[in-house]
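S.K.:
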Amino acid sequence: MSEAPEGAVRSWIETFRAQTRWDLLRLWRTQSSGAESVLAVEDPWGERHRPDWHQRGLLSWPRGGRWLHLTLQLSCPERWRQQQAGDRAARLALRWWADAAELWVDGELVHQGDLFDSGCRWRLPQSWWAGRLLSLELRLRSPLHDDGALITSALEQEPLERNDPSGVLSATGLELLELRGGEAAIQPLLADLDPGELSVQAAMADRLQAPAQRHPTGGFHVLGHAHLDLAWLWPVADTWQAAERTFASALELMERYPELHFAHSTPALYAWLEQHRPALFERIAQASGSGRWEPINGPWVESDCVLVSTASLLKQFEWGQAYSRSRFPRWRHDLCWLPDSFGFAAGLPAVAAATGVRWFCTHKLAWNATTPFPHRLFRWRAPGGSELLALSTAPIGTDGDPLAMERYRLQWQAVSGIETALWLPGVGDHGGGPTAEMLEQLALWRDHPQACPQQHGSLRSYLQALEPLAAQLPVWRDELYLELHRGCATTRPDQKRHNRSLERLLREADLAAALLVLSGSRGAESSDWSSLLFQQFHDILPGTSIPEVFEQAEPQWRQARRRARQQRDQMLHGWLGGWCPAEAAAEPWWLLQLQNRPAAQRTLRLPAGHWQLEGEPQRLPLQPAPGGGVWVQVPLGDGIGARRLLRQRLREVPPGAVGSEFGSGLGSELGWEASIQHPVTLEARSGGWLLANGLIQVQLGSGGIEQIWGPDDRPQLAAPVQWRRWRDQGEFWDAWDLAADYRSHPLPLDWHPSAELVESGPLLVRVVWRGRCGVSALRLDVQLRANSPYLECHLQVDWRQRHELLRLEIPLAQAAVRYAADTAGGVLERPAQPSNAREEARWEVPVISWVATQAAPAQGGLALLLDGPQGVSVQPELLGASLLRAPTWPDPSADNGLQRLRLALLPCPEGWSAAEVPLWAQQFREPLWLRPALRHHEQRPQGFDLGNAKVQLLSCKPLDASLDDAAVEVCLTLQNLSPARQRIPCPEGWNWRVPGTSGWQAIDQVLRPWQILELRARAQSS
1340 MSEAPEGAVR SWIETFRAQT RWDLLRLWRT QSSGAESVLA VEDPWGERHR
1390 PDWHQRGLLS WPRGGRWLHL TLQLSCPERW RQQQAGDRAA RLALRWWADA
1440 AELWVDGELV HQGDLFDSGC RWRLPQSWWA GRLLSLELRL RSPLHDDGAL
1490 ITSALEQEPL ERNDPSGVLS ATGLELLELR GGEAAIQPLL ADLDPGELSV
1540 QAAMADRLQA PAQRHPTGGF HVLGHAHLDL AWLWPVADTW QAAERTFASA
1590 LELMERYPEL HFAHSTPALY AWLEQHRPAL FERIAQASGS GRWEPINGPW
1640 VESDCVLVST ASLLKQFEWG QAYSRSRFPR WRHDLCWLPD SFGFAAGLPA
1690 VAAATGVRWF CTHKLAWNAT TPFPHRLFRW RAPGGSELLA LSTAPIGTDG
1740 DPLAMERYRL QWQAVSGIET ALWLPGVGDH GGGPTAEMLE QLALWRDHPQ
1790 ACPQQHGSLR SYLQALEPLA AQLPVWRDEL YLELHRGCAT TRPDQKRHNR
1840 SLERLLREAD LAAALLVLSG SRGAESSDWS SLLFQQFHDI LPGTSIPEVF
1890 EQAEPQWRQA RRRARQQRDQ MLHGWLGGWC PAEAAAEPWW LLQLQNRPAA
1940 QRTLRLPAGH WQLEGEPQRL PLQPAPGGGV WVQVPLGDGI GARRLLRQRL
1990 REVPPGAVGS EFGSGLGSEL GWEASIQHPV TLEARSGGWL LANGLIQVQL
2040 GSGGIEQIWG PDDRPQLAAP VQWRRWRDQG EFWDAWDLAA DYRSHPLPLD
2090 WHPSAELVES GPLLVRVVWR GRCGVSALRL DVQLRANSPY LECHLQVDWR
2140 QRHELLRLEI PLAQAAVRYA ADTAGGVLER PAQPSNAREE ARWEVPVISW
2190 VATQAAPAQG GLALLLDGPQ GVSVQPELLG ASLLRAPTWP DPSADNGLQR
2240 LRLALLPCPE GWSAAEVPLW AQQFREPLWL RPALRHHEQR PQGFDLGNAK
2290 VQLLSCKPLD ASLDDAAVEV CLTLQNLSPA RQRIPCPEGW NWRVPGTSGW
2340 QAIDQVLRPW QILELRARAQ SS
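With the numbering used here as the guide, the letters of the sequence shown map in order to residues 1340 to 2361.
Okay, here's the thing in structure tokens:
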């Protein structure tokens, strides 16, 4: 034939493939219910229950951990025996979707796998070619959450000589040519060939060896890798074992295959090995020193990057970078490896760059469900201007399949313009890494004329070759939003509560140590963040692991909180000292403000008693609380500092009681209303109440929270605040994903028709509603404090639902044009009305502690303050937050149990920044420190004030004890949380400097918009 007709090329490829590949999928047998041996493909279950898989030719069976036993008597076909001339071997290629897999040959176990080690290429013995019958048994167990499937089962020939003189690889070689040049690239090679000739394969091999067909442009930079989740479908203890197996295997393969380079992340994992497997760690250190084992670290663990605070994210990088530099000094540590986290906050480049990171690498953006991410290589710029070079890597968990490699390389080249692609062979998720089968497959194609060249090497060397392109790369100025896994901010709220509590305690413990240093004390140390950082792993904090992970994490959370609280309190007592009041009957107490806030009157719940400031004759206004204690309004000073309080005990006061019979100072007769700043007033109205304190006004009634007005008297609600219940079912990634169609499946939620006024006074008014959400009991406490600009909502739920979603939804009277929310590394701002498909896909957004709408200019907005991370949604007419879910996989009882959620509504007449929403959100979720004082020698602790409410103190800690000036210096990390420059004065009695500069000065510092700034500070007396 002179030329292959159009469309015949595929037939030729299949002709060549049929000579060297034998599909076995339809030959496996299983036992029927009557114990008879039948062909597995004839089981009607797959056609009936998984028609999509059945049409693709897959063998499937039911989910739930069920075993499928397949058998096959395998003999060599006659036509293959005729081909064999001592020049080829055969491999059994299998791929499955099963959480356990075992391949037995003649009663011997030859391979084991699971969901992640999901395939094998077992080489058949040469005796099989001579007529030996092999008895194969394949045992597969279906996943608990999904049906099982045998995807691929075939025998494939491969040449024993790399130059493939017999043309065993001709079919794949032709397909590689077709991928690069289409059918036109192959048609000339088919001229004058007869598919019926026995010698056609060898003839094609000669043509493929011709110089014109050899050495295609492009290539692969190959790096062995083993993605290892610290916990997921297995507990943490299994991870240590998997790491030990994976690392020992990689080191062994590096000895057998001199070209192999291997890379692995996670300093926390290396630290565990260093402590518990020192001999293995030493081998890793030696391989690292030789340049073949590459630590690709960045943060302490591959953490969640949208649910943690800026301070925590900064600690992740500080700890990870410090460990990496100390243990692996051969390498420069300027990269961040986060292949699998569920989205990345817009401020991450600023946080990472502050610790010396230059490169960011992930694969997760390829998981976008709707709009593909447009870049593979780009510059990622944070709002403040900090920038990282970013690489969307090759898939993780791959092998040496030449067609998969070439398809990826061509995609990479089309998007980036770069011919050489990174390739990461190795079993992943549960460790494993490269296998001998993978490396042999790579070697088989390394010198093949139709395959692109391979070069094994480090990730850093690959990235270094890309750096000259930086100036011409596109710039991405937004978060890296994952268009999937939108339920992670809501699932397992207990993990979020633990996280936010421990974040605060550790930050306060560091601050207490710094205050000790600044006061001249010695020996203060920073707190241990390791437990928190570990639990922020991207399958623990989001709540997407099996129950055992959370059962084992619970005592660790509690122990870490207890340790941090004890350390904080011990150091604060050391800083505060004691004092002895002049009045012997009075108890001395300390009240500390540990946030950088301006002076204000705070309404607090304190232990029962009369309270007054030291040195002030007048007692503080109080109001008895029904649950015990009293409400008191206490004046606090600017910045971080301590107040001395005196308490005189009183006998128990009945709720609502006033008058001198309960002790002087309890009654309104003493004129306390006049001394209370912005007291709460209560006006009964038909079917409800009107609450006001001069900063906010609220109408409560049969509809719940019916209206809110800010200080500008502009109404905020188009309709009463709604608590909604929806069905949330049908997504494959159950704990990860909100059902995209949940709004099409509303469910009833009922409140009792009447509310109860349980507290009423000038310091606080509280109203309670009760209701039911399915079989779950609800209690909603709504309260307004004196001198508070926000309305608090405390929701208690005995959550017993399954596959349901509980949401708060706020109909907006002032249509939102934009909205803002806090995120790791800063503030995220977006339009409320999407204008393209990418914005439409962001219909649920993770935020940490607040979200605020912005109406048209001069029309204000409304902020929702949160007690911790939640998923939120904003539309022009509706602000919503997802409060509770009830997924059943991988944790069957996720979210169930008693749940307490705190929220607040804050009108913002001039927008979120002018209203200082970040500051109010911090006050809402972080309590003050109140403790009895010790009666001993008196000292006057000195706090400090940064003098600017728009600058957030991320951390204040002593310097590392190994540094010369650690005894007298502290390190402050600040962030400007506004879109304008902000000036901060040097606190009184301090000098400070920027690290890397010389000379201590008491001068103002100026922060650019959104900038993160580190300063060293010391007392002037030092």
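Heads up, the beta-carbon is just placed ideally off N, CA and C, and yes, glycines get one too.
Confirm, please, whether the CB-CB distance from Pro1606 to Asn1636 is below 7 Å.
M.R.: Within the sequence shown, the letter at position 297 stands for residue 1636. Within the sequence shown, the letter at position 267 stands for residue 1606. Contact: yes.
S.K.: Spell out the partners DSSP gives Val1380 in its beta bridges.
M.R.: Counting from 1 along the sequence shown, the entry for residue 1380 is found at position 41. Note: Val1380 sits in no beta bridge, so no partner.
S.K.: Relative to the alpha-carbon of Trp1392, which residue among Trp1436, Phe1355, Ala1429, Trp1361 has its alpha-carbon at the smallest distance?
M.R.: Looking up residue 1392 in the sequence shown gives position 53. Among Trp1436, Phe1355, Ala1429, Trp1361, the Cα nearest to that of Trp1392 is on Trp1436.
S.K.: Round the Cβ separation of Asp2230 and Ala2074 to the nearest angstrom and send it over; I've been treating them as touching at under 8 Å.
M.R.: Taking the first residue of the sequence shown as 1, we reach residue 2230 at position 891. Taking the first residue of the sequence shown as 1, we reach residue 2074 at position 735. Their Cβ separation, rounded to whole angstroms, is 6 Å, which keeps Asp2230 and Ala2074 in contact under 8 Å.
S.K.: Verify whether the separation of the beta carbon atoms of His1600 and Leu1562 is less than 7 Å.
M.R.: On the sequence shown, position 261 is the one that residue 1600 refers to. On the sequence shown, position 223 is the one that residue 1562 refers to. Yes, these two residues count as a Cβ contact at 7 Å.
S.K.: Does the beta-carbon distance from Gly2026 to Leu2039 come in below 7 Å?
M.R.: Counted from its first residue, the sequence shown places residue 2026 at position 687. Counted from its first residue, the sequence shown places residue 2039 at position 700. Their beta carbons are not under 7 Å apart, which means Gly2026 does not touch Leu2039 by this criterion.
S.K.: Apply the 10 Å Cβ neighbour rule to Pro1722 and answer buried if 16 or more other Cβ atoms are within range, or exposed otherwise.
M.R.: Here residue 1722 is taken as the residue at index 383 of the sequence shown, counted from 1. So Pro1722 counts as buried.
S.K.: Under the rule that 16 or more other beta-carbon atoms within 10 Å means buried, what is Ser1372, buried or exposed?
M.R.: Counted from its first residue, the sequence shown places residue 1372 at position 33. So Ser1372 counts as exposed.
S.K.: Excluding sequence positions up to five away, which residues of its chain have a Cβ less than 7 Å from the Cβ of Tyr1596?
M.R.: The residue given as residue 1596 occupies position 257 in the sequence shown. Cβ within range, chain order: Leu1778.
S.K.: If contact is defined by three or more beta carbon pairs under 8 Å, each pair taking one atom from either stretch, is the segment 2195-2206 in contact with the segment 2097-2105?
M.R.: Cβ pair count under 8 Å is below three, so no.
S.K.: Per DSSP, which one or two residues make a beta bridge with Cys2295?
M.R.: As a first step, residue 2295 is located in the sequence shown; it is residue number 956 there, counting from the start. Looking at the DSSP assignment, Cys2295 forms a beta bridge with Leu2311.
S.K.: Run through DSSP, which three-state label would Gly2002 get?
M.R.: Numbered from 1 along the sequence shown, position 663 holds the residue referred to as residue 2002. Because Gly2002 carries a pLDDT of 37, less than 50, the predicted location of this residue cannot be relied on, and no value is offered for it.
S.K.: Which residues share a DSSP beta bridge with Glu2143?
M.R.: Sequence index remark: in the sequence shown, residue 2143 carries index 804 (1-based). Answer is Arg2066.
S.K.: Using DSSP with H/G/I as helix, E/B as strand and the rest coil, what is Ile2187?
M.R.: Here the question's residue 2187 lines up with position 848 in the sequence shown. Reduced to three states, the DSSP call for Ile2187 is coil.
S.K.: Quick one, which of Leu2222, Trp1384, Cys2247 has its alpha-carbon nearest Ala2197's?
M.R.: As a position in the sequence shown, residue 2197 is number 858, starting the count at 1. The option with the nearest alpha carbon to Ala2197 is Cys2247.
S.K.: Determine the contact status of Gly2043 and Pro2054, defining contact as a CB-CB distance below 7 Å.
M.R.: Position 704 of the sequence shown, counting from 1, holds the residue named residue 2043. Position 715 of the sequence shown, counting from 1, holds the residue named residue 2054. Going by C-beta atoms, Gly2043 is not nearer than 7 Å to Pro2054.
S.K.: Could you check how far apart the C-beta atoms of Asn2315 and Leu2285 are, in whole angstroms? I think they sit under 8 Å.
M.R.: Position 976 of the sequence shown holds residue 2315. Position 946 of the sequence shown holds residue 2285. No, Asn2315 and Leu2285 are not in contact; Cβ-Cβ is about 11 Å, not under 8 Å.
S.K.: According to DSSP, is Ala2288 helix, strand or coil?
M.R.: Here residue 2288 corresponds to residue number 949 of the sequence shown, with the count starting at 1. Coil at Ala2288, not helix or strand.
S.K.: Along the chain, which unbroken stretches of the beta strand (DSSP E) at least 3 residues long are found entirely within the segment 1895-1976?
M.R.: Listed in chain order, the complete beta strand (DSSP E) runs (minimum 3 residues) inside the segment 1895-1976 are 1926-1932, 1939-1945, 1949-1952, 1961-1963, 1969-1975.
S.K.: Thinking C-alpha only, which one of Trp1579, Ile2342, Asn2235 is nearest Glu2327?
M.R.: Position 988 of the sequence shown holds residue 2327. It is Ile2342.
S.K.: Threshold first: 4 residues or longer. Then list the alpha helix (DSSP H) segments lying entirely within the segment 1820-1869, N to C.
M.R.: The segment 1820-1869 contains these whole alpha helix (DSSP H) runs: 1832-1857.
S.K.: Residues bridged to Asn2330 by DSSP?
M.R.: Locating residue 2330 in the sequence shown gives position 991, where the first residue counts as 1. In DSSP, Asn2330 forms a bridge with Arg2357.
S.K.: DSSP state of Asp1391, grouped into three classes?
M.R.: Position 52 of the sequence shown, counting from 1, holds the residue named residue 1391. Helix.
S.K.: So what does DSSP say about Ala1661, is it helix, strand or coil?
M.R.: One-based indexing of the sequence shown puts residue 1661 at position 322. Correct three-state label for Ala1661: helix.
S.K.: Short check: CB of Gln1752 to CB of Glu1758, under 7 Å?
M.R.: In the sequence shown, the residue the question calls residue 1752 occupies position 413. In the sequence shown, the residue the question calls residue 1758 occupies position 419. A contact, by the Cβ cut-off of 7 Å.
S.K.: Is Ser1860 near the ligand ZN, in the sense that its beta carbon is under 6 Å from a heavy atom of that ligand?
M.R.: Among the components modelled here there is no ligand, and therefore nothing to report on the ligand ZN.
S.K.: Just confirm the distance between the C-beta atoms of Ala1684 and Cys1644, as a whole number of angstroms; I'd bet it's less than 8 Å.
M.R.: What you label residue 1684 is simply residue 345 of the sequence shown in a count that begins at 1. What you label residue 1644 is simply residue 305 of the sequence shown in a count that begins at 1. Yes, they are in contact, since the Cβ atoms of Ala1684 and Cys1644 sit about 6 Å apart, within 8 Å.
S.K.: Less than 7 Å between the C-beta atoms of Gln1655 and Ser1642, yes or no?
M.R.: Counting from one through the sequence shown, the residue named residue 1655 turns up at place 316. Counting from one through the sequence shown, the residue named residue 1642 turns up at place 303. Going by C-beta atoms, Gln1655 is nearer than 7 Å to Ser1642.
S.K.: With H, G and I counted as helix, E and B as strand and the rest as coil, what does DSSP make of Val1888?
M.R.: The count along the sequence shown starts at 1 and reaches residue 1888 at position 549. It is helical.
S.K.: For Val1766, count the other beta carbons within 10 Å of its own beta carbon; 16 or more makes it buried, fewer makes it exposed. Which is it?
M.R.: Start at 1 with the first residue of the sequence shown, and residue 1766 comes out as number 427. So Val1766 counts as buried.
S.K.: Do three or more CB pairs link the segment 1811-1821 to the segment 1615-1630 at distances below 8 Å?
M.R.: Contact fails: fewer than three Cβ-Cβ distances are below 8 Å.
S.K.: Within 10 angstroms of its Cβ, does Ala1357 collect 16 or more other Cβ (buried), or is it exposed?
M.R.: Here residue 1357 corresponds to residue number 18 of the sequence shown, with the count starting at 1. Label assigned to Ala1357: exposed.
S.K.: Tell me which residue opens and which closes the alpha helix (DSSP H) that Glu1596 is part of.
M.R.: Counting from one through the sequence shown, the residue named residue 1596 turns up at place 257. Per the sequence shown, residue 1596 should be read as Tyr rather than Glu. From DSSP, Tyr1596 is part of no alpha helix (DSSP H); its letter is neither H nor E.
S.K.: Taking Arg1944 and Gly1968 to be in contact with their CB atoms under 8 Å, please state how far apart those CB atoms are, rounded to whole angstroms.
M.R.: Along the sequence shown, one-based indexing puts residue 1944 at 605. Along the sequence shown, one-based indexing puts residue 1968 at 629. The Cβ separation is near 5 Å, so the contact holds.
S.K.: So who's on the other strand from Ile1525, going by DSSP bridges?
M.R.: Along the sequence shown, one-based indexing puts residue 1525 at 186. According to DSSP, which records beta bridges pairwise, Ile1525 is partnered with nothing at all.
S.K.: Would you kindly work out how many angstroms separate the C-alpha atoms of Pro1390 and Trp1400, rounded to a whole number?
M.R.: Taking the sequence shown and counting its residues from 1, the one referred to as residue 1390 is at position 51. Taking the sequence shown and counting its residues from 1, the one referred to as residue 1400 is at position 61. One C-alpha to the other measures close to 12 Å.
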